[in-house]
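Structure record follows, encoded as structure tokens.
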Amino acid sequence: MGLKILVLSHRFFPAIGGIEVNSEIYARAFAAAGHQVRLLTWSTTEADTAFPFIVIRNPSKWLLFREHAWADIVFENNPCVRLGWPALFFRRPAVISLNTSLSDSAGVAWLKRIWLQRADTIIAVSEAVRRQNWPAASVISNPYREDAFRLIPEVARRGDFVFLGRLVSQKGAHQAIAAFKQLLERLAQAAPTHAKPTLTIIGDGPERGQLTQLVATLQLSTRVRFTGFMHGEALVRQLNQHQFLVVPSVYGEAFGNVVLEGMACGCLPLVSDSDGLPDAVGQAGLVFQRDNANSLADTMWRILHDAALAAQLRQAAPAHLASHQSAIVSRRYLRVLEAAAEGSK
660 MGLKILVLSH RFFPAIGGIE VNSEIYARAF AAAGHQVRLL TWSTTEADTA
710 FPFIVIRNPS KWLLFREHAW ADIVFENNPC VRLGWPALFF RRPAVISLNT
760 SLSDSAGVAW LKRIWLQRAD TIIAVSEAVR RQNWPAASVI SNPYREDAFR
810 LIPEVARRGD FVFLGRLVSQ KGAHQAIAAF KQLLERLAQA APTHAKPTLT
860 IIGDGPERGQ LTQLVATLQL STRVRFTGFM HGEALVRQLN QHQFLVVPSV
910 YGEAFGNVVL EGMACGCLPL VSDSDGLPDA VGQAGLVFQR DNANSLADTM
960 WRILHDAALA AQLRQAAPAH LASHQSAIVS RRYLRVLEAA AEGSK
């Protein structure tokens, strides 16, 4: 007999952040496994997309109580105290997935720590999140959307380096640009006639103007291109045009879904050692020192000049991606939920 699973997701589709996307992946998988699934979210925008589960947006207190009373088990994809507090009255088994650091919780980390203590099982999306926030947590790394992010053989891979992310200092696009400048200078000295690589910046955000000015100041305007925000098939095709994905996040990357997405599109990822990014890349990419343009420039130089290393990393990618397929990761989560529900009987 199937479970009645109540999924809590602070935001949800049509929002397209990592937590929102993963909430949909898990809810679809739970429903496909024969369970009844309802999802609570504060996202108010209705979507045309039909889901195989019930989505309840911006619920009233009465609806919160009704849904918690209905559930056999509650799954919070990241702590959702405002959606989850009625659970205190019903004592349903609870599983909570930690997708972010508790220190990022805008002064309410203490409340979330108290909230986590009542959970039957806590899952961390990376070793870094587990180690920094809840050492007793189990680790289940994130999935990616393999139906969307994939190789497109007919797309020519003419680009070299690509950055994908919101243009804020945390994501480190300025480091990518500074390192790229160093790389070009080293290439000019070592091989003046060698074709110069390119850098594409995908994304938008409050620092785009500053980054555009930085590119102009460093005289990189002919080698660095800004595409603005991209999503869907256009983003997938753009990634397929590049050789290397640069992820220079300075801090705050609990996992880094972008690493898997770029890898699935054929890019070799070069990631900083920020929190969960090394987990995301596994043995299928290179890691450099965060907030260090010199380290990134060295890594870019290395991957351009070591064909054997590049081939080794590409060979490791399929197995790494296979372990992060949405069905595989969702089954891991479902086993945890089923065990928690069984243990409460």
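Sequential numbering from 660 applies to the sequence shown in the numbering used here. Built from N, CA and C at the ideal position, the CB exists for glycine as well.
Point to revise | Residues sharing a beta bridge with His901, DSSP | key: His901 pairs with Gly818.
Just to confirm before moving on: does the CB-CB distance between Leu698 and Ser682 stay below 8 Å? Yes.
Between the alpha carbons of Val827 and Gly661, how many angstroms are there, rounded? Going from the Cα of Val827 to the Cα of Gly661 covers about 44 Å.
Worksheet item: Secondary structure at Thr886, three-state DSSP: helix, strand or coil?
Response: Look at Thr886 here: in three-state DSSP terms it is strand.
**Contact set for Leu723: own chain, Cβ-Cβ below 6 Å, skip 5 residues either direction** = Once the five neighbours on either side are set aside, the close Cβ partners of Leu723 are Pro745.
- Residue from Thr780, Asn792, Glu786 and Val788 whose Cα sits closest to the Cα of Arg772: When each option's Cα is compared against that of Arg772, the closest is Asn792.
* Excluding five sequence neighbours on each side, which residues of the same chain lie with their C-beta closer than 6 Å to the C-beta of Arg789? -> Residues of the same chain with a CB within less than 6 Å of the CB of Arg789, apart from the 5 flanking positions on each side, are Ala783, Ala796 and Val798 in chain order.
(Q) Give the list of continuous alpha helix (DSSP H) stretches no shorter than 4 residues that lie fully inside the stretch 769-828. (A) Unbroken alpha helix (DSSP H) stretches of 4 residues or longer found wholly inside the stretch 769-828: 786-792, given in chain order.
For Pro928, three-class secondary structure by DSSP: Pro928 falls in the strand class under three-state DSSP.
Note to self: Report the start-end ranges of each alpha helix (DSSP H) in the stretch 903-988 that is 4 residues or longer and not cut off at the edges.
What the structure shows: Taking only runs of at least 4 residues, the alpha helix (DSSP H) segments lying wholly in the stretch 903-988 are 916-923, 936-940, 952-964 and 966-981.
Glu679 - containing alpha helix (DSSP H), residue span:
Gly677 to Ala691 is the span of the alpha helix (DSSP H), which, as asked, contains Glu679.
**Buried or exposed (CB count within 10 angstroms, at least 16 for buried), Phe748** = A residue is called buried once 16 or more other Cβ atoms fall within 10 Å of its Cβ, and Phe748, having fewer, is exposed.
**OP:** Answer with buried or exposed for His669, where buried requires no fewer than 16 other C-beta atoms within 10 angstroms of its C-beta.
**Re:** Around the C-beta of His669, 16 or more other C-beta atoms lie within 10 Å, and the residue is accordingly described as buried.
Query raised in the report: So, do the stretch 664-678 and the stretch 698-718 have three or more beta carbon pairs nearer to each other than 8 Å?
Result: The stretch 664-678, when compared against the stretch 698-718, does touch it at the 8 Å Cβ threshold.
Is the stretch 868-885 touching the stretch 979-997 in the sense that three or more CB pairs, one from each, lie closer than 8 Å?
The answer is no - the stretch 868-885 does not touch the stretch 979-997, with fewer than three Cβ pairs under 8 Å.
Given 8 Å as the limit, is there contact between the stretch 836-845 and the stretch 920-927, that is, 3 or more CB pairs closer than that?
The answer is no - the stretch 920-927 does not touch the stretch 836-845, with fewer than three Cβ pairs under 8 Å.
Can you check which of these residues, Asp863, Gly831 and Leu810, is closest to Pro907 by C-alpha distance? Check the Cα spacing between Pro907 and each of Asp863, Gly831 and Leu810: the tightest is with Gly831.
- Task: Could you name the residues that DSSP lists as bridge partners for Leu667?
- Result: BP columns for Leu667 point to Leu699 and Glu735.
Discussion item. Assuming contact is defined by CB atoms lying nearer than 8 Å, are Leu810 and Trp960 in contact in what I supplied?
Written reply: It is not a contact, given that the beta carbons lie outside the stated cut-off.
DSSP bridge partner residues for Leu858 (one or two, in chain order) = Under DSSP, Leu858 shares a beta bridge with Phe820 and Val883.
Can you look up Leu894 in the DSSP assignment and give me helix, strand or coil?
In the structure shown, Leu894 falls within a helical segment according to DSSP collapsed to helix, strand and coil.
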